[in-house]
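To start, the structure itself, in structure tokens.
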Amino acid sequence: MDPRLRPVWRKLRYSRALRRWLPAVGRRAWAYLRLMRLHRPIGSFLLLWPTLWALWLAASGHPTPKLFAIFVIGVFVMRSAGCIINDFADRNFDPYVQRTRTRPLATREVSIWEALILFVILCLMALGLVLSLNRLTQELAVIGAVLVISYPFMKRYTYLPQPYLGLAFGWGIPMAYAAVIGSVPTVAWLIFIANVIWATVYDTMYAMVDRPDDLRIGVKSTAILFGDLDRLIIGILQLLLLADLLLVGHQTGMGAAYYLGLLFALLFAAYEQILIRRRNPQRCFEAFMNNNWFGAAVFAGILLHYTFTTRV
Numbered sequence: 001m002d003p004r005l006r007p008v009w010r011k012l013r014y015s016r017a018l019r020r021w022l023p024a025v026g027r028r029a030w031a032y033l034r035l036m037r038l039h040r041p042i043g044s045f046l047l048l049w050p051t052l053w054a055l056w057l058a059a060s061g062h063p064t065p066k067l068f069a070i071f072v073i074g075v076f077v078m079r080s081a082g083c084i085i086n087d088f089a090d091r092n093f094d095p096y097v098q099r100t101r102t103r104p105l106a107t108r109e110v111s112i113w114e115a116l117i118l119f120v121i122l123c124l125m126a127l128g129l130v131l132s133l134n135r136l137t138q139e140l141a142v143i144g145a146v147l148v149i150s151y152p153f154m155k156r157y158t159y160l161p162q163p164y165l166g167l168a169f170g171w172g173i174p175m176a177y178a179a180v181i182g183s184v185p186t187v188a189w190l191i192f193i194a195n196v197i198w199a200t201v202y203d204t205m206y207a208m209v210d211r212p213d214d215l216r217i218g219v220k221s222t223a224i225l226f227g228d229l230d231r232l233i234i235g236i237l238q239l240l241l242l243a244d245l246l247l248v249g250h251q252t253g254m255g256a257a258y259y260l261g262l263l264f265a266l267l268f269a270a271y272e273q274i275l276i277r278r279r280n281p282q283r284c285f286e287a288f289m290n291n292n293w294f295g296a297a298v299f300a301g302i303l304l305h306y307t308f309t310t311r312v
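Per the numbering used here, the sequence shown starts with residue 1, numbered consecutively.
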């Protein structure tokens with residue numbers, strides 16, 4: 001070959017190799033993103049809203065930028081880690097469920113070791129975040145990690161994985177109070193209880209989508225436990241949730257803006273009852289998704305209260 005053409009040939013060869021390599025990298029990255037459920041952020045928002053409720057209430061409406069960044073990033077990191085460990089636990093069940101059969105571990109797009117390595121990386125990221133907080137928050141974070149890791153296995157042994165999800169998703173509430181004021185007062189546990197109730201509500205709606213498949217493969221849920229009383233029990237839980245949030249408002253001295261937010265939350269809850277009335281799987285999934293607006297309405301009420309309340 002003409003020596004003058006060698007640099008051109010080399011560049012062309014590398015260009016071809018790069019074109020072959022980039023699609024493969026893109027497919028792998030997309031599989032990882034799907035494994036972490038970053039393409040479906042609804043779970044992150046359902047985890048984020050109660051964390052923000054607590055952070056704003058604990059800081060009287062003025063959390064520091066540092067704490068805000070730590071808890072928001074922590075929400076997305078831990079939700080992603082939770083999705084990975086959930087799919088790891090369910091890897092032998094997911095191929096037999098219509099909604100989950102295309103998940104990366106179910107289709108073997110991602111190996112078990114790849115998933116576990118990614119899980120460890122995310123946990124180390126979360127550890128880095130929590131190490132910048134006080135000792136009490138770090139101790140609470142250990143409990144939170146145990147809840148996240150153990151949650152996926154609950155559906156094998158109990159019909160109550162939904163309340164347990166509420167424990168895992170709500171653990172950021174006492175952590176937020178501990179990070180802001182160095183203690184966890186009674187009102188923090190009231191918010192925590194509200195979140196457990198709320199998670200039971202929305203995850204039961206979610207489980208209603210999979211109920212036929214879950215019955216067939218032997219996975220347990222509150223949707224199966226409640227049976228024909230599912231809509232009634234969800235309605236009762238929604239009322240208990242709103243009553244708890246009313247008590248939180250009373251305990252924290254909330255004003256009209258907060259209660260207006262609760263009014264909108266009530267309307268969203270009523271709409272969810274309409275959606276699930278015929279137990280149509282698609283409508284039940286829409287009701288589950290609608291809970292994002294419920295959480296946003298409560299936070300909007302808190303945010304507006306502090307926005308229009310003069311700082312003392």
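Glycine is no exception: its CB is placed at the ideal position from the N, C-alpha and C atoms.
Can you tell me whether Leu131 is helix, strand or coil according to DSSP? Of the three classes helix, strand and coil, the one that applies to Leu131 here is coil, per DSSP.
Hey, could you find the ends of the alpha helix (DSSP H) Arg79 is sitting in? Element bounds for Arg79: Pro65 to Ala89.
For a test of the three-state rule: what should DSSP assign to Phe294, helix, strand or coil? Note: Phe294 maps to helix in three-state DSSP.
Assuming contact is defined by CB atoms lying nearer than 8 Å, are Ala168 and Leu136 in contact in what I supplied? No.
Indicate whether Val97 and Ala31 have their beta-carbon atoms separated by less than 8 Å. Cβ atoms of Val97 and Ala31: not closer than 8 Å.
Please state if the CB of Phe299 and the CB of Trp113 are separated by a distance shorter than 8 Å. Not in contact: Trp113 and Phe299 (Cβ atoms no closer than 8 Å).
For chain C, is any of its Cβ atoms less than 8 Å away from the one on Val184? Structure shown: chain C not included; a single protein chain is present.
Give the secondary structure of Asn280 by DSSP, where H, G and I count as helix, E and B as strand, and everything else as coil. Looking at Asn280 - three-state DSSP - the assignment turns out to be coil, as it is neither helix nor strand.
How many angstroms separate the CA atom of Leu303 from the CA atom of Thr309? Going by the C-alpha atoms only, they are around 10 Å apart.
Start-to-end residues for the alpha helix (DSSP H) that takes in His39: First-last for His39: undefined, no H or E at that position.
For Gly166, count neighbouring Cβ atoms within 10 angstroms of its own Cβ and tell me buried if that reaches 16, exposed if not. With 16 or more other CB atoms across the displayed protein chains lying within 10 angstroms of its CB, Gly166 is buried.
Can you confirm whether the stretch 66 to 86 touches the stretch 140 to 158 when touching is taken to mean that 3 or more C-beta pairs between the two stretches lie within less than 8 Å? With the rule of 3 Cβ pairs closer than 8 Å, the stretch 140 to 158 counts as touching the stretch 66 to 86.
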